[in-house]
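K.L.:
Here it is: the structure, laid out below.
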Amino acid sequence: MKIFLSYILPYKFKITLQMIIKFAGTIFDLLIPWILSYIIDSVVAGGNKKGVYFWGFLMLICSAGALTFNIIANRMAARTSCDITEKIRHDLFAKIMSLSCRETDEFTQPSLISRLTSDTYFFYQMLLRMQRLGIRAPILLIGGCIVTLMLDAKLALVLISLLPVLAVIVLFISRKGIALYTKVQQAADILVRAIREFMSGIRVILALSTKKYETERFKKANELAAKAEQKAGYVMAVSNPTMSFLMNIGLILVIGAGAYLVNKGDTQAGKIIAFMTYFTIILNAMMSITRIFVMLSKGTASGGRIAQVLQSEDEIKYIIEQEKEQDDAFSHIEFRNVSFSYKGVTNALSGISFKIEKGETLGIIGATGSGKSTLLMLLLRFYDANSGEILIDGINIKSIEKEKLYKKFATVFQNDILFSDSIGDNIKFGRSAKPGDMMKAAKAAQASFIYEKDGQFGHKLDIGGRNLSGGQRQRIAIARALIKEPEILLLDDVSSALDYRTDSRLRRALEKNYVKTTKIIVSQRASAVMNCDNILVLDNGEIKGEGTHDELLSSCFLYREIYEIQMGGAAI
Amino acid sequence: MTNKAPANEKKHLILRLWKYIKPYKLLAFAAFALTVLSNILSLAGPLLSGYAIDVIEQGIGKVDFNSVIKYILLMAAVFALSSVLSYILSIIMIKIGKSIVYSIRNDVFDKLSNMPVSFFDRQKAGEVISIISYDIDTVHSLISTDIIQISTSIVTVLGALVMMLAICPRLVLIFAVTVPMFALYTRMRIRKVRPLYRERSQQLGRLSGFGEETITGQKTVKAYNREGYMLSRFDGINEDATKAAFNAEYLGSITGPVANFFNNSSIALVCTFGGLLYMAGAITLGNISSFVLYSRKFAGPINEFANILSDLQSALAAANRIFSLIDASPEKPDTPDAKTLDNVEGNIEFKDVSFSYDYSVEILDSVNFSASQGTITAIVGPTGAGKTTIINLLMRFYDQQDGVISLDGVDIQKLKRDNLRSHYSMVLQDTWIFHGTIYENIAYGSKGATRKEVEEAAKAVEMHKYIMSLPNGYDTVISDNGSNISKGQKQLLTIARAMLSPSSILILDEATSNVDIVTELKITKAMNRITKGKTCFVIAHRLSTVENADNILVIDKGKIVEQGTHKNLLKQKGLYEKIYSSQFIK
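Chains B and A, in that order, are what the protein sequence lines are.
Under the working numbering, the first residue of the first sequence carries the number 349, and numbering increases by one thereafter.
Under the working numbering, the first residue of the second sequence carries the number 1277, and numbering increases by one thereafter.
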């Protein structure tokens, strides 16, 4: 939680000023009852008409003062809490964007979403309420204690000696509360997941007629969330009655002790009466403080979840390598004996070595689950290899800055994501590009269908581009990759959503117009890779064959099998 | 979510919220009774302490400790009872609040599950998430904490008013001026503030929507190093949300101090005029003193109410968003005479079917074909030709504008949607895996599938071996964005899922696009065995998948241009032949 200090400290002057103003407002507020009793006891009783006007006017001034100062203080509190929250949200979003894939898997996307939205909201609520309510109650508490001490130190000590006990109880309950509210937020993550899955899977859910099942599933998640909230509520609700009971016990002790002291002649009954008036003030202050603690627990629980993300260490570690001259002696991309496994489960890749020269095209083919996509993930440093080295221009990618590394690549994933913006915005993806560039990229990506849409490049896409066909989505993703003439182009099974003609036209356009680009084409189809300069055949994470199409036909059984099936050899 | 402001909104909203509270009105009444009771008890405390002090007042050496102890014990009992009551009260309120939140959330989800598919194509999940979490939470805090507070304060206000009237009606005139002034002010304030709260809710929804979408596309954003771009867009939304939050918060929170000001000045006036009245001999000093005491009691709840008012506004804005989702027009209801079909054979016919999304560009143009029980119909054609649209119409995800689609001779428009869809199972190119075990994912949609059947299905799609190699086998938890399983493997799982399903029509929309050819061939063989007797629709680019189809529909620009078996179509030397031979071009 220390991390939040760095967000709050820049506002320390503003917050202090706000506290002072709030303090002043509170003093004005507290002056009114004091004046009130003074008027009635002294002025009115003395028949001083002018005095009545004077003090009455003073009370009006005090209420105006309280009004002004409280509004100003509330405004400042709203300002600082909003600003702090904005900053935290900004940093949190930035951090989420930079999380490694492994970390995202660990936090899970639904949880990240709820941390970004509801947790920041609860944290904001805490900041705000603390500033708004966190002044008055302590003033009253401390003020009340001082006054009672002045009235009769012995009696006051009886009451004050209870305060540590109360503090321990409040701390204990709020500690429990933090744990329980963390659980509430975890339950909220499950709700978020249920909604997301339902909304993205609606077609399958309808087709499999599992709406009832899904509703039940949601209900269960909902119940879990409601129960967690209830449990936290029950525990937090203990604090208020306990506090007031203990405080009242304190009062009883004061009366008992008072009786003893009065009997001994050490104090007067009048003092006990005055004592009780102040006691009510102290009690009310204690009650507000407990309420603040409820908010604090909730906010702290959310804050903890936010801090977890913010403090997760940057996974990408750079190794320092001596600068090497960019030399033609090095291949553009080289894998040296690379092995990798997800979370220690059986090796997804083992002992992978290959080289690609600048401008060459590498094809990767292999069965489902053979490790093709994993290989690209490693090249992109979405995951780091367990052993071996990956080099670009002879430099280990672990020593290349993230920004520099990603600038080299343009990638099209399997069923890649489109955003609900216009087609043009999706292709540009926030990069500056001339309309000509966009048209060129669209042309190479065989995306001429864009011109048939109303608004053409301005055509607005639905969520995930669902108002386009699978093939159209794929081609926009390809155009997105091509617009900046990338140094390295990675195509992960892009042909799967394209018909053969479009696919072959795409490949020809790539060969012709993107000569300098080094390309890696991952595919299930022999036809998609057969023209590549070099082809890797992957099986179970290992390279089972490498070479050109013709070489592989004679040397690699697996490759021949794939090719023959596709070309109709086995099917006919 | 567009937030149209309904004209009669406020009363309407409160009425609707009341519907959720209504089932718990007995509990709510009990809570109310408890509050009154504990208030009375809290009055007993000072009374008893007064008695105790009376005893103590006897002075040095004369204090009767027995009676002091008696009063002290009584007080302890009263306080203990009052604390217990107040805890019970909290528990009741928490329970009511929880139940209401639970049922509102369920209602939102129920509504969601009755929305047409087109809704999900446009609605950002993040916005719905924000309704489910933030908006419902806001309503919750209003119900669980504020309502009791308001209702008990009414009692206090009325009591104090009666007492004040009894003491000095003339002084009450001051309140007769200030209270209406305050009421007028609040009215104006609310009018100004309500749209601000609505804006805040909406902006928070937008933020959530954008956040969700971006996090979903995180890998793509990373691969293009576009974090900065996304962040700058997020910043814009974040700024708007912050501005909206600040405006609502600041302007909403003004009411509190203003109410306080009205109260304080009323009391100042009471004091001044009371003093003057005393000097004129109209009232006694004791009267002023107790009048002031009661007027503070009278003003206190008004103060509280003003504070709650901003909570109320924020909750109403939230409720508005919740209800606007609950009120969104659902999927057109089934016609009242809609039928259900059992034991479907699976004969499908399209007659002159035309369709366009949004009535703009025609996607399907007079499509005619039929598919009889147990046959395989393949749909091929260039991307964007309208293949998936045929499936959308078959499943009634969308309804055609013209023509008739029939199942076993019955117009599917005349069937209950749920019944119609129950006859299909479907595999899409965009695999859908939910967070759960592999077993649950395969058995999804087939109630009561045994472990053995699930394993059989997994074997048929060549996944059994892989699954068994995982440390937890079929109990391995997978999720849609999880990386421990590849896209192709996910497709295989969804195929296994469809194979298990007992429905009589099977739709495979590019179901094996991410699967390698060798595996695909094996699956196709298994599929033929399993799908015997089922009517199948297959969309595929890879023609090896469709060669064995009984009928191949070749679609281009929304029209069926050719139709027939693989051999016949090759002979025609038309579009099909062109597509087919393109597989072999280099």
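Positions of the beta carbon are idealized from the N, C-alpha and C atoms, including for glycine.
1) List, in chain order, every chain B residue whose beta-carbon is nearer than 8 Å to that of A/Ser1701.
2) Taking 6 Å as the limit between beta carbons, can you name the residues of its chain near A/Leu1585, skipping five residues before and five after?
3) Taking contact to mean at least 3 C-beta pairs separated by less than 8 Å, is the stretch 694-712 of chain B in contact with the stretch 876-891 of chain B?
4) Can the beta-carbon of B/Val842 be found less than 7 Å from the beta-carbon of B/Gln822?
5) Comparing alpha-carbon positions, which option in A/Met1803, A/Ala1594, A/Ser1565, A/Leu1447 lies nearest B/Asp389?
6) Measuring CA to CA, which of A/Ser1417, A/Asp1678, A/Asn1644, A/Val1469 is closest to A/Ala1520?
7) Identify whether A/Asn1717 lies in helix, strand or coil by the three-state DSSP scheme.
8) Looking at the secondary structure, which residues open and close the alpha helix (DSSP H) in which A/Asn1839 lies?
9) Report all residues from its chain with a CB closer than 7 Å to the CB of A/Asp1610; omit the five preceding and five following residues, and keep chain order.
10) Give the residues of chain A in contact with B/Ile913, contact being defined as C-beta atoms less than 8 Å apart.
11) With 9 Å as the limit, tell me which residues of the stretch 838-857 of chain B have their beta carbon closer than that to any beta carbon of chain A; keep them in chain order.
12) Do the CB positions of B/Ile621 and A/Ile1348 come within less than 7 Å of each other?
13) Across which residues does DSSP place B/Glu737 in a beta bridge pair?
14) Is the CB of A/Thr1266 under 7 Å away from at least one CB in chain B?
15) Tell me the rounded alpha-carbon separation between B/Ser902 and B/Ser875.
16) Using only the alpha-carbon positions, how far apart do B/Ala535 and B/Cys904 sit?
17) Threshold first: 4 residues or longer. Then list the alpha helix (DSSP H) segments lying entirely within the stretch 704-772 of chain B, N to C.
18) Note down the Cα distance separating A/Val1686 from B/Glu899, rounded to an integer number of angstroms.
19) Could you tell me which chain B residues have their CB closer than 8 Å to the CB of A/Asp1694, listed as they occur along the chain?
20) Would A/Ala1866 and A/Ala1787 qualify as a contact pair, given that the criterion is a beta-carbon distance under 7 Å?
21) Three-state secondary structure (DSSP) at A/Glu1607?
22) If you check the beta carbons only, do A/Leu1704 and A/Asp1603 fall under 7 Å apart?
23) Could you pull out every residue in the same chain whose Cβ sits closer than 8 Å to the Cβ of A/His1740, ignoring the five residues on either side in sequence?
24) Looking at the structure shown, is A/Ala1647 part of a helix, part of a strand, or coil, going by DSSP?
25) Using a beta-carbon distance below 7 Å, is A/Cys1812 in contact with chain B?
26) List the residues that DSSP assigns as beta-bridge partners of A/Thr1811.
27) When you compare only the Cα positions, how much space is there between A/Lys1615 and A/Arg1697?
28) State the Cα-Cα distance for the pair B/Tyr690 and A/Lys1498, rounded to the nearest angstrom.
29) By a C-beta neighbour count over all protein chains shown, 10 Å radius and 16 as the cutoff for buried, is A/Gln1848 buried or exposed?
30) Is any beta-carbon of chain B found at less than 7 Å from that of A/Gly1864?
31) Measure the Cβ-Cβ separation of A/Ile1419 and A/Ile1376 and say whether it is below 7 Å.
32) Would B/Arg541 count as contacting chain A if we go by Cβ distances under 7 Å?
33) Expressed to the nearest angstrom, what Euclidean distance is found between the alpha-carbon atoms of B/Glu749 and A/Glu1838?
34) Between B/Asp439 and the rest of its own chain, which residues show a CB-CB distance below 7 Å, the 5 nearest in sequence each way excluded?
35) Between B/Phe361 and chain A, is there a C-beta pair that is closer than 7 Å?
36) What residues of chain B sit near A/Asp1511, judged by a beta carbon separation below 7 Å?
P.N.:
If we stick to the structure as given:
1) For the purposes of this step, residue 1701 of chain A is taken as residue 425 along the second sequence, with counting starting at 1. Simply Ala555, Leu556.
2) To locate residue 1585 of chain A, count along the second sequence from 1; it is residue 309. Result list for A/Leu1585: Thr1531, in chain order.
3) yes
4) Mapped onto the first sequence, residue 842 of chain B falls at position 494. Mapped onto the first sequence, residue 822 of chain B falls at position 474. Against a cut-off of 7 Å, the Cβ pair of B/Gln822 and B/Val842 comes out as a contact.
5) Here residue 389 of chain B refers to the residue found at position 41 when the first sequence is read from its first residue. When only C-alpha atoms are compared, the closest one is A/Ser1565.
6) Residue mapping note: residue 1520 of chain A aligns to position 244 of the second sequence, counting from 1. When each option's Cα is compared against that of A/Ala1520, the closest is A/Val1469.
7) Walking along the second sequence from the start, residue 1717 of chain A turns up at place 441. Helix at A/Asn1717.
8) Position 563 of the second sequence holds residue 1839 of chain A. A small fix is needed here, since residue 1839 of chain A is Gln in this sequence, not Asn. Note, A/Gln1839: premise wrong, no alpha helix (DSSP H); beta strand (DSSP E) at 1835-1840.
9) Residue 1610 of chain A sits at position 334 when you count from the first residue of the second sequence. The answer, listed in chain order, is Lys1692, Arg1693.
10) As a first step, residue 913 of chain B must be located in the first sequence, where it is residue number 565. In chain order: Ile1793, Val1794, Leu1797, Ser1820.
11) Leu838, Asp840, Asp841, Ser843, Ser844, Ala845, Leu846, Asp847, Tyr848, Arg849, Thr850, Asp851, Ser852
12) Residue numbering aside, residue 621 of chain B sits at position 273 when the first sequence is read from its first letter. Residue numbering aside, residue 1348 of chain A sits at position 72 when the second sequence is read from its first letter. Not a contact, by the Cβ cut-off of 7 Å.
13) As a position in the first sequence, residue 737 of chain B is number 389, starting the count at 1. B/Glu737 is bridged to B/Arg684.
14) Nothing in the structure corresponds to residue 1266 of chain A, since chain A is present only between 1277 and 1862.
15) To locate residue 902 of chain B, count along the first sequence from 1; it is residue 554. To locate residue 875 of chain B, count along the first sequence from 1; it is residue 527. Between B/Ser902 and B/Ser875, the C-alpha separation is close to 17 Å.
16) As a working mapping, residue 535 of chain B is identified with position 187 in the first sequence. As a working mapping, residue 904 of chain B is identified with position 556 in the first sequence. Distance between the alpha carbons of B/Ala535 and B/Cys904: 52 Å.
17) 720-727, 750-756
18) If you number the second sequence from 1, residue 1686 of chain A lands on position 410. If you number the first sequence from 1, residue 899 of chain B lands on position 551. Rounded to whole angstroms, A/Val1686 to B/Glu899 spans 57 Å at the Cα level.
19) Walking along the second sequence from the start, residue 1694 of chain A turns up at place 418. Correct list: Ser557, Lys559.
20) In this structure chain A extends from 1277 to 1862, so residue 1866 of chain A is not present and cannot be described.
21) Locating residue 1607 of chain A in the second sequence gives position 331, counting from the first residue. A/Glu1607: coil per DSSP, three-state reduction.
22) Position 428 of the second sequence, counted from the first residue, corresponds to residue 1704 of chain A. Position 327 of the second sequence, counted from the first residue, corresponds to residue 1603 of chain A. Not a contact, by the Cβ cut-off of 7 Å.
23) Sequence index remark: in the second sequence, residue 1740 of chain A carries index 464 (1-based). Cβ within range, chain order: Glu1731, Ala1734.
24) The count along the second sequence starts at 1 and reaches residue 1647 of chain A at position 371. Strand.
25) Against the second sequence, residue 1812 of chain A aligns to sequence position 536. Chain B, which has no Cβ nearer than 7 Å to the Cβ of A/Cys1812, makes this no.
26) Taking the second sequence and counting its residues from 1, one reaches residue 1811 of chain A at position 535. In DSSP, A/Thr1811 forms a bridge with A/Ile1781.
27) For the purposes of this step, residue 1615 of chain A is taken as the residue at position 339 of the second sequence. For the purposes of this step, residue 1697 of chain A is taken as the residue at position 421 of the second sequence. Roughly 13 Å between the two C-alpha positions.
28) Locating residue 690 of chain B in the first sequence gives position 342, where the first residue counts as 1. Locating residue 1498 of chain A in the second sequence gives position 222, where the first residue counts as 1. Rounded to whole angstroms, B/Tyr690 to A/Lys1498 spans 19 Å at the Cα level.
29) In the second sequence, the residue the question calls residue 1848 of chain A occupies position 572. Flag for A/Gln1848 reads exposed.
30) The question about residue 1864 of chain A has no answer here: the residues shown for chain A are numbered 1277 through 1862.
31) Sequence index remark: in the second sequence, residue 1419 of chain A carries index 143 (1-based). Sequence index remark: in the second sequence, residue 1376 of chain A carries index 100 (1-based). In contact: A/Ile1419 and A/Ile1376 (Cβ atoms closer than 7 Å).
32) Working through the first sequence from its first residue, we reach residue 541 of chain B at position 193. Yes, B/Arg541 counts as interfacial toward chain A.
33) The sequence position of residue 749 of chain B within the first sequence is 401, counting from 1. The sequence position of residue 1838 of chain A within the second sequence is 562, counting from 1. Approximately 55 Å between the Cα atoms of the pair.
34) Position 91 of the first sequence holds residue 439 of chain B. The answer, listed in chain order, is Leu658.
35) One-based indexing of the first sequence puts residue 361 of chain B at position 13. For B/Phe361, the answer is no, since every Cβ of chain A falls outside 7 Å of its Cβ.
36) By 1-based counting over the second sequence, the position of residue 1511 of chain A is 235. Per Cβ cutoff of 7 Å: His438.
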